[in-house]
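See below for the structure under consideration.
Numbering (my numbering), first residue to last: 150 to 279.
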């Protein structure tokens with residue numbers, strides 16, 4: 150069995166960005182505008198648009214293919230975050246390979262995750278995608 154290394158997954162991460170960046174581009178544009186509109190107008194229309202965008206964001210995260218994503222994971226019990234490429238997405242865990250070529254199995258439940266897409270950091274709780 151060949152050992153999985155961080156450098157082996159770098160090309161996969163490049164492919165992941167080609168897949169994920171366009172998916173988040175529309176949401177990112179609306180997400181950046183809506184809070185300003187909502188704060189200025191406090192209109193029902195702006196509030197509904199914000200809810201619609203958040204719902205779309207949540208659906209996208211649940212359907213997102215994470216293989217190749219460089220992700221940061223912070224559990225409540227850990228002092229330091231774990232960062233690495235996702236090489237396995239299980240029902241309850243992500244398997245990551247770190248820059249030090251260490252394999253880490255991270256529970257989704259109770260863990261805060263984030264990743265970079267289109268120059269923005271996207272954050273979510275693992276419980277949201279289980």
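Where is the CB? At the ideal position from N, CA and C, for every residue including glycine. Since the structure is predicted, the reported quantities are computational estimates derived from the model, not experimental observations.
Between the Cα of residue i and those of the options, spot the shortest distance and give me the residue it belongs to.
i           : options            : result
residue 219 : 152, 151, 258, 238 : 238
residue 227 : 213, 251, 259, 241 : 259
residue 208 : 157, 155, 166, 172 : 172
residue 214 : 151, 161, 157, 224 : 161
residue 212 : 240, 269, 156      : 240
residue 157 : 269, 249, 204, 271 : 249
Taking the continuous beta strand (DSSP E) assigned at residue i, which residues delimit it?
i           : result
residue 253 : 252-256
residue 259 : Looking at the DSSP string, residue 259 is not in any beta strand (DSSP E), and its letter there is neither H nor E.
residue 231 : 231-238
residue 223 : 219-224
residue 154 : Unbroken run through residue 154: none, as it is neither H nor E.
residue 245 : 242-246
residue 269 : 269-274
Ordered along the chain, which non-local residues of its own chain (more than five positions away) have a Cβ less than 7 Å from that of residue i?
i           : result
residue 253 : 231, 233, 245, 247
residue 210 : 273, 277, 278
residue 242 : 254, 255, 256, 257
residue 225 : 259
Can you find the residues in the same chain that come closer than 6 Å, C-beta to C-beta, to residue i, ignoring five residues on each side of it along the sequence?
i           : result
residue 302 : A query on residue 302 cannot be resolved here, the shown segment of the chain reaching from 150 to 279 and no further.
residue 188 : A caution first: residue 188 carries a pLDDT of 49, below 50, which makes its placement in the model unreliable, though a value can still be read off. Excluding sequence neighbours, residue 188 sits near nothing in its chain.
residue 155 : 246, 248, 250
What I want to know is whether the C-beta of residue i ends up closer than 7 Å to one or more non-hydrogen atoms of the ligand SAH.
i           : result
residue 262 : Of the ligands one can find in the structure shown there are none, so the ligand SAH has no counterpart to examine.
Among the residues of its own chain, which have a CB less than 8 Å from the CB of residue i, if the five just before and after it don't count?
i           : result
residue 170 : 266, 267
residue 164 : 217
- Item | Validate contact between the segment 212-232 and the segment 257-266 using beta carbons, cut 8 Å, 3 pairs | yes
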